[in-house]
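Written below as structure tokens is the structure these notes are about.
In the numbering used here, the protein residues as written are 790 to 920.
Take a look at the structure:
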């Protein structure tokens with residue numbers, strides 16, 4: 790569902806009047822609609838009552854809001870205005886690579902030889918696709 794949602798978002802942005810607005814406005818619309826849909830869904834499923842705002846939860850939400858939602862999506866929307874979605878789509882495959890690398894850097898998780906070989910194969914494939 791996440792992949793389909795990402796594709797639908799990209800199609801709507803490229804094929805609607807959102808293709809002409811600034812990336813920050815596109816991001817605002819996406820986050821506003823997501824908030825309007827997800828907060829009632831969380832209330833409906835009973836998840837709002839279980840929230841405990843600890844320091845770690847606030848730090849995580851801050852990172853997700855500023856680091857992911859704001860910075861990464863704003864970059865994606867800006868790139869989407871300049872390049873074709875098919876060209877940018879290949880680079881979305883790097884997300885798991887960055888996730889594992891940041892896990893190793895920030896959490897001290899081990900980098901296995903299988904990951905290194907798989908990451909190298911993925912990078913070579915991206916080079917072939919983008920060339």
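Even glycine gets a Cβ: it sits at the ideal position worked out from N, Cα and C. Predicted model only: the values in this text are computed from it and were never measured.
Excluding sequence positions up to five before and after residue 837, its CB lies within less than 7 Å of the CB of 831, all in the same chain and listed in chain order. The C-beta separation of residue 799 from residue 869 comes to about 7 Å, placing the pair in contact by the 8 Å criterion. In the DSSP assignment, residue 920 falls outside any alpha helix (DSSP H) and carries neither an H nor an E.
Annotation for residue 904: 889 place their beta carbon closer than 8 Å to its own, counting only its chain and skipping 5 residues before and after. Excluding five sequence positions before and after residue 886, the CB atoms of its chain that fall closer than 6 Å to its own CB belong to 908, given in chain order. Secondary structure remark: continuous alpha helix (DSSP H) runs of at least 4 residues inside the stretch 883 to 920, in chain order: 884 to 896, 902 to 919.
Exposure of residue 833 is indicated by the presence of fewer than 16 other C-beta atoms within 10 angstroms of its C-beta.
Around the beta-carbon of residue 815, 16 or more other beta-carbon atoms lie within 10 Å, marking it buried. Judged by beta-carbon spacing, residue 808 lies within the 8 Å limit of residue 802, meaning their Cβ atoms are closer than that value.
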